[in-house]
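Notes to accompany the following structure.
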Amino acid sequence: MRNVFTITRTDLRVYLMDRGNLLGLLVLPVIMTLFLGGVFGGGGTSQIRMDVIHQDSSDQSQQLIEHLRAVNPSLVICPADQNEANICNLDDGESLDLESAMERVRAGVTEAALVIPAGYGTDIAAFKPVQLAYYSASSISPSDPALQSIQAVLQRVNGAVVAARVGVGLAEALNVVTSEDESRAFGERVYQQAQSAWADQPVMVRYTQTEMNRPQNPSSGFNQSVPGMATFFVVFSVLGAGMYGLVRDRNQGTLPRMASMPVRRAQIVGGKILAYFTIGIIQFVIVFGIGLFVGLNFGQAPLALLLVIVAYTLCITALGFALAPRMRNDNQVNALTTLLGLVMGALGGAWWPLEIAPQFMQVIGHLTPVAWAMDAFRQLFFFNGGLNDVLLPVGVLLAATIVLFGIGIRAFKFT
Numbered sequence: 004m005r006n007v008f009t010i011t012r013t014d015l016r017v018y019l020m021d022r023g024n025l026l027g028l029l030v031l032p033v034i035m036t037l038f039l040g041g042v043f044g045g046g047g048t049s050q051i052r053m054d055v056i057h058q059d060s061s062d063q064s065q066q067l068i069e070h071l072r073a074v075n076p077s078l079v080i081c082p083a084d085q086n087e088a089n090i091c092n093l094d095d096g097e098s099l100d101l102e103s104a105m106e107r108v109r110a111g112v113t114e115a116a117l118v119i120p121a122g123y124g125t126d127i128a129a130f131k132p133v134q135l136a137y138y139s140a141s142s143i144s145p146s147d148p149a150l151q152s153i154q155a156v157l158q159r160v161n162g163a164v165v166a167a168r169v170g171v172g173l174a175e176a177l178n179v180v181t182s183e184d185e186s187r188a189f190g191e192r193v194y195q196q197a198q199s200a201w202a203d204q205p206v207m208v209r210y211t212q213t214e215m216n217r218p219q220n221p222s223s224g225f226n227q228s229v230p231g232m233a234t235f236f237v238v239f240s241v242l243g244a245g246m247y248g249l250v251r252d253r254n255q256g257t258l259p260r261m262a263s264m265p266v267r268r269a270q271i272v273g274g275k276i277l278a279y280f281t282i283g284i285i286q287f288v289i290v291f292g293i294g295l296f297v298g299l300n301f302g303q304a305p306l307a308l309l310l311v312i313v314a315y316t317l318c319i320t321a322l323g324f325a326l327a328p329r330m331r332n333d334n335q336v337n338a339l340t341t342l343l344g345l346v347m348g349a350l351g352g353a354w355w356p357l358e359i360a361p362q363f364m365q366v367i368g369h370l371t372p373v374a375w376a377m378d379a380f381r382q383l384f385f386f387n388g389g390l391n392d393v394l395l396p397v398g399v400l401l402a403a404t405i406v407l408f409g410i411g412i413r414a415f416k417f418t
């Protein structure tokens, strides 16, 4: 074992003395993990800011505002909701008109602007059509949360107006009301009762998410970026170190000299494997250290987590060992490492959750070890999974490891 550790120490020292390797091992993974964690986690804001230019002072227009607040508690209506914390991002004494509201939308200060025109309440009471002006920097989309809120409220308003119109028409036909004032009062009562009926929501959908799919840990961008970037950069670090090291030692005559020394072939191979495996573990420690720093929940099964890390790192080490005998120079190593790293990272779900991809892409992705590792990390990080939940991906990774090591050791040559 002493010879194995000596070879491992030597290879690690050579690898860590290269500043380019340190950049790929330390700097790039940290930057990418923090960046993607912020992108995936920072995009979903808890508040949606919308300017409302309120040109009407009727009860109906005020009711519209209240309904908007009720249908979407995340909606911040400016300037009505302005507070000491400057939730509307308005300067002291700043008033809003249409021009300034549109400028705030263009600058990304608000999601949208809505204009409630003068006479809105009067027109609603008279059953006249009303147009509300809506401004947004993005194209009109069903997924626009501000627009969804407005449409939900207008569905309620329009339903009440239709009910009032039908009620008044029926009352007039039956001579229940005999004057214009009585018709107006009757229509107002029907309108208010219809609004109350909408508020009671007589038909509702009860939503239940199945236990299997319900995340038990709060989702954040780092749930994806930490394991994703760890698996991604392990491919670069281990494949690059393994293939480059073996090709370098073979081309420089190091391996032939080692073969002439009183060191068994198994010890040389074991020392090389241990060195590249250690580099992969170091990569995991660095990226997962970022996870600890940002408060990532690693689940409640540390043994299962360690097993996934070891199985995946062994698999990537075995892949590098299997490919190295086919490489002849540094250019081939660099090209193949970049190609495999990018392809496996994209297909395997290291950059984004694999479940958002089409089904056939998910099947293709599971031809890579990255996908199986990300499946296991997802169970642990999102669902508090245990050892039983990662046995399948770990088993697949270990089976691939055995096959790849068999290919690599069989093809291993000193010259």
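Numbering follows our numbering, with no gaps: position 86 of the sequence shown is 89. For every residue, glycine included, the Cβ atom is placed at its ideal position computed from N, Cα and C. As the structure is a computational prediction, the values presented were derived from the model and not from experiment.
How big is the Cα-Cα spacing for residue i and residue j?
{"i": "Leu26", "j": "Met4", "result": "31 Å"}
{"i": "Arg12", "j": "Gly368", "result": "35 Å"}
{"i": "Thr113", "j": "Ser139", "result": "9 Å"}
{"i": "Phe236", "j": "Ala269", "result": "28 Å"}
{"i": "Pro132", "j": "Asp126", "result": "7 Å"}
{"i": "Val108", "j": "Leu117", "result": "11 Å"}
{"i": "Met377", "j": "Val33", "result": "19 Å"}
{"i": "Asn216", "j": "Leu394", "result": "Since pLDDT at Asn216 reaches only 47, below the 50 mark, its modelled position is unreliable, and the value read off the structure follows with that caveat. Looking at the two C-alpha atoms, the distance is approximately 19 Å."}
{"i": "Val7", "j": "Gly409", "result": "19 Å"}
{"i": "Ile271", "j": "Ala360", "result": "42 Å"}
{"i": "Leu242", "j": "Asp392", "result": "28 Å"}
{"i": "Ala115", "j": "Gln85", "result": "16 Å"}
{"i": "Asn92", "j": "Gln134", "result": "28 Å"}
{"i": "Val290", "j": "Val30", "result": "10 Å"}
{"i": "Ile312", "j": "Arg331", "result": "30 Å"}
{"i": "Ala403", "j": "Ala314", "result": "10 Å"}
If contacts are defined as beta-carbon pairs under 8 Å, then residue i and residue j qualify, I think. What distance do you get, rounded to the angstrom?
{"i": "Leu299", "j": "Phe386", "result": "With 8 Å as the limit, Leu299 and Phe386 do not qualify as a contact, their Cβ atoms being about 15 Å apart."}
{"i": "Ala278", "j": "Gly411", "result": "Their Cβ separation, rounded to whole angstroms, is 14 Å, which puts Ala278 and Gly411 out of contact at 8 Å."}
{"i": "Thr234", "j": "Ile284", "result": "Between Ile284 and Thr234 the Cβ distance is about 13 Å, and since that is not below 8 Å, they are no contact."}
{"i": "Val79", "j": "Val156", "result": "The Cβ separation is near 16 Å, so there is no contact."}
{"i": "Tyr18", "j": "Ala244", "result": "5 Å"}
{"i": "Leu39", "j": "Val160", "result": "Wrong, their Cβ atoms sit about 42 Å apart, outside the cutoff."}
{"i": "Ala379", "j": "Pro396", "result": "4 Å"}
{"i": "Phe130", "j": "Ala167", "result": "7 Å"}
Which of the three DSSP states is assigned to residue i in this structure?
{"i": "Val133", "result": "coil"}
{"i": "Val241", "result": "helix"}
{"i": "Ala327", "result": "helix"}
{"i": "Ser141", "result": "coil"}
{"i": "Val118", "result": "strand"}
{"i": "Asp21", "result": "coil"}
{"i": "Asn226", "result": "helix"}
{"i": "Arg251", "result": "helix"}
{"i": "Val507", "result": "The question about residue 507 has no answer, for the chain in this structure spans 4 to 418."}
{"i": "Phe438", "result": "The displayed coordinates of the chain run from 4 to 418. Any statement about residue 438 would go beyond what the structure contains."}
{"i": "Pro396", "result": "helix"}
{"i": "Ala110", "result": "coil"}
{"i": "Ser182", "result": "coil"}
{"i": "Pro148", "result": "helix"}
{"i": "Asn6", "result": "helix"}
For residue i, which residues of its own chain have a beta-carbon under 6 Å away from its beta-carbon, when the five flanking residues on both sides are left out?
{"i": "His57", "result": "Ile119"}
{"i": "Glu358", "result": "none"}
{"i": "Ser141", "result": "none"}
{"i": "Leu310", "result": "Val397"}
Excluding sequence positions up to five away, which residues of its chain have a Cβ less than 7 Å from the Cβ of residue i?
{"i": "Ala110", "result": "none"}
{"i": "Lys416", "result": "Pro328"}
Got a sec? Which residues, its chain only, sit under 8 Å from residue i by beta carbon, not counting five neighbours each side?
{"i": "Phe189", "result": "Gly170, Val171, Ala174, Val179 and Val180"}
4-residue-minimum alpha helix (DSSP H) runs that sit fully inside the stretch 37-107, ordered along the chain: 62-74
Every unbroken alpha helix (DSSP H) inside the stretch 276-309 [4 residues or more]: none
Hey, which unbroken runs of the alpha helix (DSSP H) at 4 residues or more fall wholly within the stretch 322-375? 333-351 and 362-368
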